[in-house]
Each structure stands twice: as C-alpha cells, then as structure tokens.
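Quick note: the sequence shown, position 42, residue 119 per my numbering, numbers continuous.
Ideal Cβ placement from N, Cα and C applies to all residues, glycine included.
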Amino acid sequence: MLGLQVVSGYDIGTKEHTLKQYKRGNVGTMRFLFIIICLFSMAGCNQEKVVVNDRPKPPPTEEQQRYVAGEIIVRFHDNYSEQRINSLLKIHGASIKKKLPGKKQYLIKLPFGHTVNNAVPLYDGLPGVIWAEPNYIFRKMGSPKIKEPGIKGKGKKPVKVIPIRKVN
Numbered sequence: 078m079l080g081l082q083v084v085s086g087y088d089i090g091t092k093e094h095t096l097k098q099y100k101r102g103n104v105g106t107m108r109f110l111f112i113i114i115c116l117f118s119m120a121g122c123n124q125e126k127v128v129v130n131d132r133p134k135p136p137p138t139e140e141q142q143r144y145v146a147g148e149i150i151v152r153f154h155d156n157y158s159e160q161r162i163n164s165l166l167k168i169h170g171a172s173i174k175k176k177l178p179g180k181k182q183y184l185i186k187l188p189f190g191h192t193v194n195n196a197v198p199l200y201d202g203l204p205g206v207i208w209a210e211p212n213y214i215f216r217k218m219g220s221p222k223i224k225e226p227g228i229k230g231k232g233k234k235p236v237k238v239i240p241i242r243k244v245n
C-alpha cells in the first residue's frame, strides 16, 4: 500500500472506494424499493375475493311471480286506430292478444325472448302510448282465522275505550 491512506478500513484514493460506495447506495435503494413493493402487495392480500355467480336463476314459482311473463298492458291515445296500433306493434315483433275493456287498452303478447322488465319502458316511450305496465297477477287473499277481540258473540268481552285527557 504505497501512497494510499487508509481511513476506517477503506482506501480513499482508489476507484474501489467510490465503487463500493456506489454499490452500497444502490443496495440501500434496492432494499427500500423491495420493502415498499412488498408492503403494497401485502396490502392487496387482505381484500375479500369477489365470486361471480354466472349460473342462471331458476324461473320464479307461481307464487313468486307478480305478473304474466311475455305479456304487457298498453293504453294508446284515442285517435290511434287498431290498424295503426298493429303496425306499430309489428315493428317490435309484438301482437295484440286481446282488447281490454276501457278506451284503447290492449293486452300485448311480446315476441319470444323479450322480458316484461325490458318491454315496459320500451313500449311506454313509443309514440301514441299513454302508459304501459306488466299484466299483474291478482290473487284472492284468504280470510284470517284469528278471532278479533271485542266482537260480541265470539265468547270474548268487548273492549272498553277509555278517553285520555291531557293534563296541564
């Protein structure tokens, strides 16, 4: 080691010294970047996985179904003739199934593949249509078998109503 000064184990006057410093600086930067990348990748691991269920839903049962599939009820303006209505419906592949009581109300049979949910807004926006709605299913409700309290003849005492007065 002729003509070289040694300070803390490093040769100051050589290229090796600057190369070692450069490598140490790069290693430090690489470690820092590695730690940051690991932290970001681990942050994404805690998120819930989203599972997409692509199975088609079974058709609703008769009790669950609120309207007749493939049918809608449409009310047209009074100045529209039945021929004009038929030509308007033919454009969309639909047809009149039945004329309903009332002014220009028709039960419309939708073409195959068209759903009621998609057809109602479509037909509601057609020229000459006042309104369009699904062909709802109305069911008769059963009478409750619960005896109401306070009705005479049912073996129960009538309920006495007590007026409540506001006290100042």
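Item checked: Range of the contiguous beta strand (DSSP E) that encloses Ser164 -> Counting along the chain, no beta strand (DSSP E) covers Ser164; the unbroken alpha helix (DSSP H) around it starts and ends at Glu159 to Ile168.
Item checked: Cβ-based neighbour list, Ile214, same chain, cut-off 7 angstroms, excluding 5 preceding and 5 following -> So the list reads Gln142, Arg143, Tyr144 and Val145, once near-sequence residues are dropped.
Next item on the list: Less than 8 angstroms between the CB atoms is what I'm expecting for Ile239 and Ala196, so what's the real figure, rounded?
Entry: Between Ala196 and Ile239 the Cβ distance is about 56 angstroms, and since that is not below 8 angstroms, they are no contact.
Notebook entry, point to check: What's the C-alpha gap between Ser53 and Arg216?
Noted result: Within the shown structure, residues of the chain are numbered from 78 to 245, placing residue 53 beyond reach of any answer.
Notebook entry, point to check: Which one of Ile162, Leu110, Pro204 and Gly147 has the shortest CA to CA distance from Asn212?
Noted result: Of Ile162, Leu110, Pro204 and Gly147, the residue nearest in Cα terms is Gly147.
Next item on the list: State the CB to CB distance for the pair Leu184 and Lys174, rounded to an integer number of angstroms; the pair is presumed to be in contact (CB under 8 angstroms).
Entry: That belief holds up - the Cβ atoms of Leu184 and Lys174 are roughly 5 angstroms apart, short of 8 angstroms.
Next item on the list: Pull up the distance between the alpha-carbon of Glu159 and that of Gly179, whole angstroms please.
Entry: Spanning the alpha carbons of Glu159 and Gly179 requires a straight line of approximately 14 angstroms.
Next item on the list: State the DSSP-derived secondary structure class of Gly190, mapped to helix, strand or coil.
Entry: Correct three-state label for Gly190: coil.
Margin query: Assuming Pro188 and Ala171 are in contact, meaning their beta carbons sit under 8 angstroms apart, how far apart are those beta carbons, in whole angstroms?
Written below: Correct: roughly 6 angstroms between the Cβ atoms.
Checklist line | Bridge partner(s) assigned by DSSP for Lys176 | finding: Bridge partners of Lys176: Tyr183.
Check: When we look at the beta-carbon of Phe117 and count the other beta-carbons within 10 Å, is it buried (16 or more) or exposed?
Finding: Within 10 angstroms of the beta-carbon of Phe117 lie fewer than 16 other beta-carbons, which makes it exposed.
Next item on the list: Give a yes or no on whether the C-beta atoms belonging to Val193 and Phe153 are separated by under 8 angstroms.
Entry: Cβ atoms of Val193 and Phe153: not closer than 8 angstroms.
Next item on the list: Go through its chain and collect everything with a Cβ distance to Asp155's Cβ below 7 angstroms, but skip five positions before and after it.
Entry: Once the five neighbours on either side are set aside, the close Cβ partners of Asp155 are Lys180 and Lys181.
Notebook entry, point to check: Which term fits Lys237, buried or exposed, when burial requires 16 or more other beta carbons within 10 angstroms of its beta carbon?
Noted result: Classification of Lys237: exposed, given that the 10 Å Cβ count is below 16.
Item checked: Leu113 versus Gly105: straight-line alpha-carbon distance, rounded -> Per the sequence shown, residue 113 should be read as Ile rather than Leu. Here the C-alpha atom of Ile113 lies approximately 12 angstroms from the C-alpha atom of Gly105.
Next item on the list: Compare the Cα-Cα distances from Gly190 to each of Leu110, His169, Cys115 and Arg161 and report the closest residue.
Entry: Ranking the options by Cα distance to Gly190, first place goes to His169.
Item checked: Selected residue, minimal CA-CA separation from Leu199, among Val151, Leu110 and Phe109 -> Measuring from the Cα of Leu199, the nearest candidate turns out to be Val151.
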